[in-house]
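J.: Protein chains in written order, with numbering that gives the first Met the number 0: chain R, 0 to 571; chain S, 0 to 571. Cβ atoms here follow ideal geometry from the backbone N, Cα and C, with glycine treated the same way. Got a structure for you, written out below as structure tokens; questions coming shortly.
Number of protein chains: 2
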Amino acid sequence: MRTSQYLLSTMKETPADAEIISHQLMLRAGMVRRLASGLYTWLPSGLRVLRKVEQIVREEMNKAGAIEVLMPVVQHAELWQESGRWEKMDAELLRFKDRHQRDFVLGPTHEEVITDLVRKEISSYKQLPINLYQIQTKFRDERRPRFGVMRAREFLMKDAYSFHLSQESLQQTYDAMYQAYCNIFTRLGLDFRPVLADTGAIGGSMSHEFHVLAASGEDAIVFSDSSDYAANIEKAEALPPQGTRPAATQAKAEVATPNAKTIDEVSALLKVDASAIAKTLIVYGRKADDKAPQTLVALVLRGDHELNEIKAEKHPLVASPLQFASEDEVQAITGAKPGSVGPVGLTIPVIVDHAAAHLADFVTGANKDGFHFTGVNFDRDITTYQVADLRNVVEGDPSPCGQGKLVIRRGIEVGHIFQLGERYSAAMKAGVLNEEGKHQIMTMGCYGVGVSRIVAAAIEQNHDEYGIKWPVAIAPFQVAIVPMNMHKSVRIQDAAEQLYKELTDAGFEVLFDDRKERPGVMFADMELLGVPYQIIVGERNLDEQKVELKNRLSGEKLMLSLSDVVAQLKSF
Amino acid sequence: MRTSQYLLSTMKETPADAEIISHQLMLRAGMVRRLASGLYTWLPSGLRVLRKVEQIVREEMNKAGAIEVLMPVVQHAELWQESGRWEKMDAELLRFKDRHQRDFVLGPTHEEVITDLVRKEISSYKQLPINLYQIQTKFRDERRPRFGVMRAREFLMKDAYSFHLSQESLQQTYDAMYQAYCNIFTRLGLDFRPVLADTGAIGGSMSHEFHVLAASGEDAIVFSDSSDYAANIEKAEALPPQGTRPAATQAKAEVATPNAKTIDEVSALLKVDASAIAKTLIVYGRKADDKAPQTLVALVLRGDHELNEIKAEKHPLVASPLQFASEDEVQAITGAKPGSVGPVGLTIPVIVDHAAAHLADFVTGANKDGFHFTGVNFDRDITTYQVADLRNVVEGDPSPCGQGKLVIRRGIEVGHIFQLGERYSAAMKAGVLNEEGKHQIMTMGCYGVGVSRIVAAAIEQNHDEYGIKWPVAIAPFQVAIVPMNMHKSVRIQDAAEQLYKELTDAGFEVLFDDRKERPGVMFADMELLGVPYQIIVGERNLDEQKVELKNRLSGEKLMLSLSDVVAQLKSF
Numbered sequence: 000m001r002t003s004q005y006l007l008s009t010m011k012e013t014p015a016d017a018e019i020i021s022h023q024l025m026l027r028a029g030m031v032r033r034l035a036s037g038l039y040t041w042l043p044s045g046l047r048v049l050r051k052v053e054q055i056v057r058e059e060m061n062k063a064g065a066i067e068v069l070m071p072v073v074q075h076a077e078l079w080q081e082s083g084r085w086e087k088m089d090a091e092l093l094r095f096k097d098r099h100q101r102d103f104v105l106g107p108t109h110e111e112v113i114t115d116l117v118r119k120e121i122s123s124y125k126q127l128p129i130n131l132y133q134i135q136t137k138f139r140d141e142r143r144p145r146f147g148v149m150r151a152r153e154f155l156m157k158d159a160y161s162f163h164l165s166q167e168s169l170q171q172t173y174d175a176m177y178q179a180y181c182n183i184f185t186r187l188g189l190d191f192r193p194v195l196a197d198t199g200a201i202g203g204s205m206s207h208e209f210h211v212l213a214a215s216g217e218d219a220i221v222f223s224d225s226s227d228y229a230a231n232i233e234k235a236e237a238l239p240p241q242g243t244r245p246a247a248t249q250a251k252a253e254v255a256t257p258n259a260k261t262i263d264e265v266s267a268l269l270k271v272d273a274s275a276i277a278k279t280l281i282v283y284g285r286k287a288d289d290k291a292p293q294t295l296v297a298l299v300l301r302g303d304h305e306l307n308e309i310k311a312e313k314h315p316l317v318a319s320p321l322q323f324a325s326e327d328e329v330q331a332i333t334g335a336k337p338g339s340v341g342p343v344g345l346t347i348p349v350i351v352d353h354a355a356a357h358l359a360d361f362v363t364g365a366n367k368d369g370f371h372f373t374g375v376n377f378d379r380d381i382t383t384y385q386v387a388d389l390r391n392v393v394e395g396d397p398s399p400c401g402q403g404k405l406v407i408r409r410g411i412e413v414g415h416i417f418q419l420g421e422r423y424s425a426a427m428k429a430g431v432l433n434e435e436g437k438h439q440i441m442t443m444g445c446y447g448v449g450v451s452r453i454v455a456a457a458i459e460q461n462h463d464e465y466g467i468k469w470p471v472a473i474a475p476f477q478v479a480i481v482p483m484n485m486h487k488s489v490r491i492q493d494a495a496e497q498l499y500k501e502l503t504d505a506g507f508e509v510l511f512d513d514r515k516e517r518p519g520v521m522f523a524d525m526e527l528l529g530v531p532y533q534i535i536v537g538e539r540n541l542d543e544q545k546v547e548l549k550n551r552l553s554g555e556k557l558m559l560s561l562s563d564v565v566a567q568l569k570s571f
Numbered sequence: 000m001r002t003s004q005y006l007l008s009t010m011k012e013t014p015a016d017a018e019i020i021s022h023q024l025m026l027r028a029g030m031v032r033r034l035a036s037g038l039y040t041w042l043p044s045g046l047r048v049l050r051k052v053e054q055i056v057r058e059e060m061n062k063a064g065a066i067e068v069l070m071p072v073v074q075h076a077e078l079w080q081e082s083g084r085w086e087k088m089d090a091e092l093l094r095f096k097d098r099h100q101r102d103f104v105l106g107p108t109h110e111e112v113i114t115d116l117v118r119k120e121i122s123s124y125k126q127l128p129i130n131l132y133q134i135q136t137k138f139r140d141e142r143r144p145r146f147g148v149m150r151a152r153e154f155l156m157k158d159a160y161s162f163h164l165s166q167e168s169l170q171q172t173y174d175a176m177y178q179a180y181c182n183i184f185t186r187l188g189l190d191f192r193p194v195l196a197d198t199g200a201i202g203g204s205m206s207h208e209f210h211v212l213a214a215s216g217e218d219a220i221v222f223s224d225s226s227d228y229a230a231n232i233e234k235a236e237a238l239p240p241q242g243t244r245p246a247a248t249q250a251k252a253e254v255a256t257p258n259a260k261t262i263d264e265v266s267a268l269l270k271v272d273a274s275a276i277a278k279t280l281i282v283y284g285r286k287a288d289d290k291a292p293q294t295l296v297a298l299v300l301r302g303d304h305e306l307n308e309i310k311a312e313k314h315p316l317v318a319s320p321l322q323f324a325s326e327d328e329v330q331a332i333t334g335a336k337p338g339s340v341g342p343v344g345l346t347i348p349v350i351v352d353h354a355a356a357h358l359a360d361f362v363t364g365a366n367k368d369g370f371h372f373t374g375v376n377f378d379r380d381i382t383t384y385q386v387a388d389l390r391n392v393v394e395g396d397p398s399p400c401g402q403g404k405l406v407i408r409r410g411i412e413v414g415h416i417f418q419l420g421e422r423y424s425a426a427m428k429a430g431v432l433n434e435e436g437k438h439q440i441m442t443m444g445c446y447g448v449g450v451s452r453i454v455a456a457a458i459e460q461n462h463d464e465y466g467i468k469w470p471v472a473i474a475p476f477q478v479a480i481v482p483m484n485m486h487k488s489v490r491i492q493d494a495a496e497q498l499y500k501e502l503t504d505a506g507f508e509v510l511f512d513d514r515k516e517r518p519g520v521m522f523a524d525m526e527l528l529g530v531p532y533q534i535i536v537g538e539r540n541l542d543e544q545k546v547e548l549k550n551r552l553s554g555e556k557l558m559l560s561l562s563d564v565v566a567q568l569k570s571f
């Protein structure tokens with residue numbers, strides 16, 4: 000490709016509205032352009048990368064025995080009503096009416112459509128297991144789309160769905176998908192980790208996320224420093240402290256803490272560490288049915304620990320999704336505003352995190368505005384409570400696998416595999432005749448890869464101050480030819496044209512920068528665009544029939560004879 | 000691919016709701032399944048064909064210098080308001096609101112989005128011409144989706160848009176696209192014709208359609224039997240009859256024609272040929288502005304000719320889009336119901352088709368229910384009228400190119416190229432600095448290929464009573480291996496497995512039918528699916544180390560040594 004006949008669209012300035020580096024670089028390198036909130040047009044360079052990611056995903060899915068199909072973007076409401084998601088999903092599910100006033104959605108995922116297809120096409124156990132996938136445009140009406148294609152409303156996803164008659168068969172396909180995902184991210188050239196994940200609202204029993212490691216990642220992922228254990232922090236279990244709780248040594252005392260509402264303020268005022276303060280959060284309790292009156296529950300954590308909402312909402316006493324009580328509701332039930340609340344004397348259920356339950360002589364709100372208690376002790380001052388795992392793990396916690404301590408890093412979720420079980424197949428009565436000739440509901444797995452998100456994640460992980468450093472497998476072009484002042488030198492033009500022909504004939508994807516631009520502009524654009532190998536053709540080197548080969552990833556430069564260029568590039 | 004690990008999904012019965020052969024065969028061969036009205040899931044075999052069509056289109060577009068991008072399905076309303084199509088388009092344009100109650104559409108085409116992109120990215124004449132294309136999912140909310148993927152609501156389209164500063168440059172790209180389309184349809188292995196087309200509602204000056212010839216085609220296309228002339232019947236000019244009109248010989252007379260309302264009824268009653276009767280259609284006249292009262296116009300054609308609505312609505316006196324007057328409106332202006340209307344004595348403008356204007360002593364309605372006139376003559380009985388081309392050409396008409404006579408065949412429109420001019424660029428102020436440094440609005444071309452429609456059109460053109468006869472270039476598999484009773488014979492199994500390995504290693508796409516099915520079922524499925532080459536492995540032939548090779552397209556059968564199969568197939 001010649002830049003003169005291409006839409007390069009690079010920008011020098013960093014766009015003001017791009018918050019993260021991948022978004023900035025994708026705009027600056029001419030990869031995407033914003034059409035409207037969360038909607039992006041892929042420019043030629045971006046699309047080249049996207050298609051390469053897509054093709055690697057496709058090849059590995061095929062290799063793992065999955066079969067490609069293509070389902071519509073637009074889906075009719077009836078299927079979503081049948082699965083129950085029409086009511087359950089919030090406004091992220093974009094609903095609309097067609098010209099005949101029938102209800103439709105823009106598909107955010109395709110569990111309903113594929114389950115409907117399979118229940119119609121598959122009738123016998125002999126046709127199972129089957130794993131169907133598509134690489135397709137999806138839409139999720141995010142409340143706040145951001146970070147460019149990282150969290151767009153319209154995006155490209157690979158979604159696969161497998162169907163089985165036994166947990167063993169599901170596990171086999173799940174394992175094959177796990178391996179296929181490892182192959183995909185390895186081939187993409189990305190530093191990634193599969194981690195145990197929470198199965199969340201989608202239901203099901205077993206789940207792994209695949210994260211591209213990057214300091215800017217939205218997710219905290221947790222590793223053991225001495226084993227293979229890896230989990231999303233949402234999922235990572237915090238083990239109860241070892242040993243027995245220290246004995247009480249202090250009497251409970253009420254102290255005035257005017258204007259000290261946060262843990263930090265109380266800690267500073269009373270000169271006690273946050274880890275010796277118990278914080279109390281009032282949340283909605285789980286109701287037996289919709290008509291029951293709303294109850295409240297108190298969650299107690301150590302002041303230096305964070306509530307893990309996923310863990311909390313799994314507790315049988317706590318409403319799911321988690322909802323915090325309003326200031327008025329807190330005041331009505333405790334007698335104090337949220338900044339002065341504590342577990343002493345509460346009449347609502349109290350659930351205490353394991354670590355908080357290990358405290359003695361601790362500080363907590365006195366349920367009286369502007370006052371705290373010191374010297375509080377469980378069993379003496381708080382007699383009715385439950386203990387549970389409610390907090391996020393922190394670095395240094397013992398690994399739940401029993402080996403080593405936990406380390407926390409940041410990741411970008413780019414893949415997710417689930418054992419769905421019968422969540423959809425039961426609701427939609429998707430079954431087949433089993434070996435005994437009886438109708439049996441199928442069990443399902445689902446397996447997603449965020450194809451367009453991978454492009455952004457790859458940049459978050461691979462960039463420097465000059466631009467993108469594409470892994471070779473997904474670079475928009477493998478080689479750039481940068482001739483210096485070609486339009487003034489026939490010799491340079493001839494050499495560059497000759498190289499362009501040789502490299503193209505040899506099967507390389509070459510970007511030949513034939514613009515009338517200053518060398519500095521051309522270098523900057525090729526660095527920004529992240530072409531892995533750049534061949535610089537200049538007068539002085541041509542005196543010796545040589546050109547310079549620059550490796551964008553390592554920064555290494557190499558002088559090469561013109562006649563050696565193709566062989567050298569092939570050897571990489 | 001082994002059928003046992005594939006989703007074949009063939010059906011013996013013809014689905015009742017499939018009206019045309021391609022729809023029937025796509026359902027029966029397991030190519031697509033209907034999700035909802037006009038929405039189809041592509042099953043594995045269908046998707047394989049779709050992707051091959053897509054790839055041929057992509058390669059030829061790239062070769063012609065077009066650059067691939069990818070624009071969103073979902074587009075915000077503002078752009079459509081800017082171009083004026085938000086108001087102009089009817090309910091085919093699916094409009095909806097997002098969670099923030101902002102207006103969006105599902106893109107049926109992308110003129111607005113690409114014009115917006117180009118006006119932002121291209122600022123100088125040096126960057127022109129440019130031709131950007133995408134292969135992308137589109138949505139058109141058809142009032143009555145039908146014929147499967149032939150006229151679906153969600154479909155896959157290749158749409159390209161070129162930008163220029165001169166008509167000459169536009170013509171060059173238009174010619175290049177014309178050639179690229181010829182290459183595409185030739186490579187696809189389809190019998191096609193490019194034809195002159197009307198530019199229609201999209202505006203612009205020059206346009207060709209590309210039709211796949213098939214008896215079932217929705218469009219009538221017109222050829223000269225002695226030249227290259229080819230046009231859509233909508234566009235084909237009907238030349239005025241040669242020579243002068245015969246002189247009047249009869250006096251006008253009123254005859255009773257009770258219950259004779261149609262041309263056929265009048266012709267039978269009065270024993271005159273339909274070609275000697277003039278029919279009169281009352282339509283809405285064009286209004287100077289919205290507030291003017293509605294006028295009416297009479298269109299007069301020979302009884303054996305059909306009105307060409309496109310030609311009529313281009314007439315300056317006729318409303319566009321064409322609208323027929325109601326029975327009440329006809330009666331109020333003529334004094335008679337539509338079956339007895341004629342041009343004699345009308346007070347509204349009368350426009351007479353060239354052929355009708357050549358009649359003498361003809362029959363026409365008497366503007367009195369149940370009566371016609373005979374012996375009517377222009378200029379004597381009808382004094383005020385205009386003459387224009389209003390009718391569809393018929394077979395045998397002289398070609399408008401001046402050479403030969405017209406032949407009419409049926410076609411399926413699968414491609415369309417347009418010279419759009421400044422229709423969008425002017426409305427959206429898309430300009431660049433020209434060589435003189437002045438801002439100049441760009442002129443545009445647009446070029447569409449119905450990728451998913453091609454799959455259906457290919458079947459309409461290539462099938463027999465057993466199923467689909469895919470052109471090799473787009474067949475889902477090139478070769479099928481059909482072993483007879485493999486599960487009872489190790490020898491057959493070994494030979495089939497060996498062939499499968501050899502053919503796959505040689506790069507063929509092979510469907511290996513390893514199901515425990517009767518040979519008849521397997522043969523029928525492979526014929527239905529239309530695999531071009533089928534290798535039948537049977538006991539008797541194996542005695543001589545031979546297999547049978549059947550050509551699905553020609554029906555020829557060939558006995559081949561096992562060791563010659565790969566070489567033979569490579570030689571085709």
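Closest to valine 73 (chain R) by CA distance: which of R:Arg101, R:Glu53, R:Ala90 and R:Gly83 is it?
T.: The residue labelled residue 73 (chain R) in the question sits at position 74 within the first sequence. Cα-wise, what sits closest to valine 73 (chain R) is R:Arg101.
J.: Excluding five sequence neighbours on each side, which residues of the same chain lie with their C-beta closer than 8 Å to the C-beta of histidine 625 (chain R)?
T.: This structure gives no information on residue 625 (chain R), because the portion of chain R shown stretches from 0 to 571.
J.: Please classify valine 481 (chain S): is it buried, with 16 or more other beta-carbons within 10 angstroms of its beta-carbon, or exposed?
T.: The residue labelled residue 481 (chain S) in the question sits at position 482 within the second sequence. Its Cβ being crowded by 16 or more others within 10 Å, valine 481 (chain S) is buried.
J.: List the residues of chain R whose Cβ lies closer than 7 Å to the Cβ of serine 8 (chain S), in chain order.
T.: Locating residue 8 (chain S) in the second sequence gives position 9, counting from the first residue. The answer, in chain order, is Glu120.
J.: Do you know how far the Cα of histidine 415 (chain R) is from the Cα of methionine 60 (chain R)?
T.: As a working mapping, residue 60 (chain R) is identified with position 61 in the first sequence. As a working mapping, residue 415 (chain R) is identified with position 416 in the first sequence. Roughly 14 Å between the two C-alpha positions.
J.: Could you tell me the alpha carbon to alpha carbon distance between threonine 346 (chain S) and valine 117 (chain S), rounded to whole angstroms?
T.: Residue 346 (chain S) sits at position 347 when you count from the first residue of the second sequence. Residue 117 (chain S) sits at position 118 when you count from the first residue of the second sequence. Cα-Cα distance, rounded: 52 Å.
J.: Within its chain, find whatever has a CB closer than 7 Å to the CB of valine 52 (chain S); leave out the 5 residues flanking it on each side and keep chain order.
T.: In the second sequence, the residue the question calls residue 52 (chain S) occupies position 53. Excluding sequence neighbours, valine 52 (chain S) sits near Leu187, Val450, Ile453, Val454 and Ile473.
J.: Is the region 334-343 of chain S in contact with the region 366-374 of chain S, if contact means three or more CB pairs nearer than 8 Å?
T.: A contact exists between the region 334-343 of chain S and the region 366-374 of chain S.
J.: Can you find a CB in chain S that lies within less than 9 Å of the CB of tyrosine 423 (chain R)?
T.: Along the first sequence, read from residue 1 onward, the residue named residue 423 (chain R) stands at position 424. It does not; no Cβ of chain S falls within 9 Å.
J.: Counting only beta-carbon atoms, is threonine 172 (chain R) nearer than 9 Å to chain S?
T.: Your numbering for residue 172 (chain R) matches position 173 in the first sequence. Answer no: the Cβ-Cβ gap between threonine 172 (chain R) and chain S never drops below 9 Å.
J.: Using a Cβ-Cβ cut-off of 8 Å (strictly less than) and excluding sequence neighbours within five positions of leucine 34 (chain S), which residues of its own chain qualify?
T.: What you label residue 34 (chain S) is simply residue 35 of the second sequence in a count that begins at 1. Taken in chain order, the residues that qualify are Thr40.
J.: Report the three-state DSSP secondary structure of proline 320 (chain S) (helix, strand or coil).
T.: Counted from its first residue, the second sequence places residue 320 (chain S) at position 321. Coil, per DSSP.
J.: I need the straight-line Cα distance from valine 296 (chain R) to alanine 318 (chain R), nearest angstrom please.
T.: Here residue 296 (chain R) is taken as the residue at index 297 of the first sequence, counted from 1. Here residue 318 (chain R) is taken as the residue at index 319 of the first sequence, counted from 1. If you take the alpha carbons of valine 296 (chain R) and alanine 318 (chain R), they lie about 9 Å apart.
J.: Please report how far the alpha carbon of alanine 311 (chain R) lies from the alpha carbon of arginine 285 (chain R), in whole angstroms.
T.: Position 312 of the first sequence holds residue 311 (chain R). Position 286 of the first sequence holds residue 285 (chain R). Spanning the two alpha carbons is a distance of roughly 11 Å.
J.: Does the distance from the CB of tyrosine 180 (chain S) to the CB of isoleucine 66 (chain R) come in under 9 Å?
T.: Position 181 of the second sequence, counted from the start, is the residue given in the question as residue 180 (chain S). Position 67 of the first sequence, counted from the start, is the residue given in the question as residue 66 (chain R). No. Outside cutoff.
J.: Could you check whether phenylalanine 372 (chain R) and valine 329 (chain R) sit closer than 9 Å to each other, using their CB atoms as the reference points?
T.: Walking along the first sequence from the start, residue 329 (chain R) turns up at place 330. Walking along the first sequence from the start, residue 372 (chain R) turns up at place 373. No. Outside cutoff.
J.: Which residues in chain S sit within 8 Å of glutamate 205 (chain R), going by Cβ to Cβ distance?
T.: Mapped onto the first sequence, residue 205 (chain R) falls at position 206. Looking at the sequence itself, residue 205 (chain R) is methionine, so the reference to glutamate does not match. In chain order: nothing, as chain S lies at least about 24 Å away.
J.: Please list, in chain order, the residues of the region 83-96 of chain R that have any C-beta partner in chain S closer than 7 Å.
T.: Answer set for the region 83-96 of chain R: Ala90, Leu93 and Phe95.
J.: Taking the continuous alpha helix (DSSP H) assigned at leucine 46 (chain S), which residues delimit it?
T.: Within the second sequence, residue 46 (chain S) is the residue found at index 47, counting from 1. Residues 43-62.
J.: If the cut-off is 7 Å on Cβ atoms, which residues from the region 367-390 of chain S count as contacting chain R, listed in chain order?
T.: Against chain R - using a Cβ distance shorter than 7 Å - the region 367-390 of chain S contributes no residues.
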